[in-house]
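Colleague: Numbered according to the numbering used here, the sequence shown terminates at residue 80, and the numbering increases by one at each position without gaps.
Below is a structure I'd like to ask you about.
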Amino acid sequence: VPDDLLGNAIRAFILPKSGVTLTERVLLRYCAENLESRLVPQSIEIRSSFPRTTTGKIDRRSLAQGES
13 VPDDLLGNAI
23 RAFILPKSGV
33 TLTERVLLRY
43 CAENLESRLV
53 PQSIEIRSSF
63 PRTTTGKIDR
73 RSLAQGES
């Protein structure tokens, strides 16, 4: 996503499987241990659903703008 300081930043949006409990801290630690540092997300947002377009695809623009 666009970032004022970095130009672009990696931001992850997670939709856990039903019954699975995740935290941003646990996910960031996992990413730091398993990815190159440049690929670790700046932030992780855990969601219960993703916004959809009229055609049913994930609305990436709404996600990038922080909309529900």
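Note that CB positions come from ideal geometry on N, CA and C, so glycine has one too.
So R59 and I22 are in contact, right, with Cβ under 8 Å, and what is the actual spacing, rounded?
Modeller: No, R59 and I22 are not in contact; Cβ-Cβ is about 16 Å, not under 8 Å.
Colleague: Anyone know if the C-beta pair for V52 and C43 falls short of 8 Å?
Modeller: It is a contact, given that the beta carbons lie within the stated cut-off.
Colleague: Output the distance between the C-alpha atoms of L17 and A76, rounded to the nearest integer angstrom.
Modeller: Each residue's Cα considered, the two are about 16 Å apart.
Colleague: Nearest-angstrom Cα distance between S49 and P28?
Modeller: Near 23 Å, if we compare the C-alpha coordinates of P28 and S49.
Colleague: Using CA atoms only, rank isn't needed, just tell me which of Q54, L40 and L39 is closest to D15.
Modeller: Comparing Cα positions, the closest option is Q54.
Colleague: For the alpha helix (DSSP H) holding E36, just list the boundary residues, first then last.
Modeller: Looking at the DSSP string, the run of the alpha helix (DSSP H) that includes E36 is E36 to N46.
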